[in-house]
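Trainee: After the structure tokens below, expect a handful of questions from me.
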Amino acid sequence: MNVRGTLEPDEVETFLEETTVPVRLSCRTPGGRLWMVSLWFRFREGVLECATSADADVVSFLAADSHVAFEVSTNDPPYRGVRGNGTATISPDPEKEVLGDLLERYLGTTESDLADRLLDPDRREVRIEIEPETVAGWDYTDRMGGGA
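In the numbering used here, each number is its position in the sequence shown, counted from 1, plus 3.
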């Protein structure tokens, strides 16, 4: 992974491991138009991992063209984030292992109505793995005085 911007590689990794906002994932439709979707993610071993329904539009889009751009950034000042590009791969996740971890990461539990719907045994789930090629990280804490 080629790291640019004001964050060091270890700071990029720490930010992606600790930040719990969705990744904004950009790809192309088979017709060549741009498409963006927000997905929960986890960062493990240099890869962003997401989960979604096997029937989601983004799955067919990524199957047609695996090149992506992405951004993970805070929504409140002081703004910090990581953006980049890379390649996505899709694989089945019949045990919903990634989804279960993401429910714990974002909601703190798999005991909710949402979790019950997403973990339904009849729902087909896939794992999207994003291998970053180039990333740029930033942290505006100093210039923004630590917050709003």
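Cβ coordinates follow ideal geometry from the N, Cα and C atoms, glycine included.
Just how far apart, CA to CA, sit glycine 140 and arginine 127?
Mentor: Their Cα atoms are separated by approximately 34 Å.
Trainee: Put alanine 72 into one of helix, strand or coil per three-state DSSP.
Mentor: Strand, per DSSP.
Trainee: CB arginine 45 to CB arginine 108, shorter than 7 Å?
Mentor: For arginine 45 and arginine 108, yes; Cβs fall inside 7 Å.
Trainee: Using the Cα positions of aspartate 60 and glycine 148, report the straight-line distance between them to the nearest angstrom.
Mentor: If you take the alpha carbons of aspartate 60 and glycine 148, they lie about 41 Å apart.
Trainee: Which parts of the segment 6–34 are runs of the beta strand (DSSP E), unbroken and 3 residues or longer, counting only runs that do not cross its ends?
Mentor: Fully enclosed beta strand (DSSP E) runs of 3 or longer: 26–31.
Trainee: Just the C-alpha distance for threonine 9 and threonine 112, rounded to the nearest angstrom, thanks.
Mentor: Approximately 35 Å between the Cα atoms of the pair.
Trainee: Hey, how far is the Cα of serine 69 from the Cα of aspartate 96?
Mentor: Going from the Cα of serine 69 to the Cα of aspartate 96 covers about 18 Å.
Trainee: Give the list of continuous alpha helix (DSSP H) stretches no shorter than 4 residues that lie fully inside the segment 61–110.
Mentor: List check, alpha helix (DSSP H) in window: 100–110.
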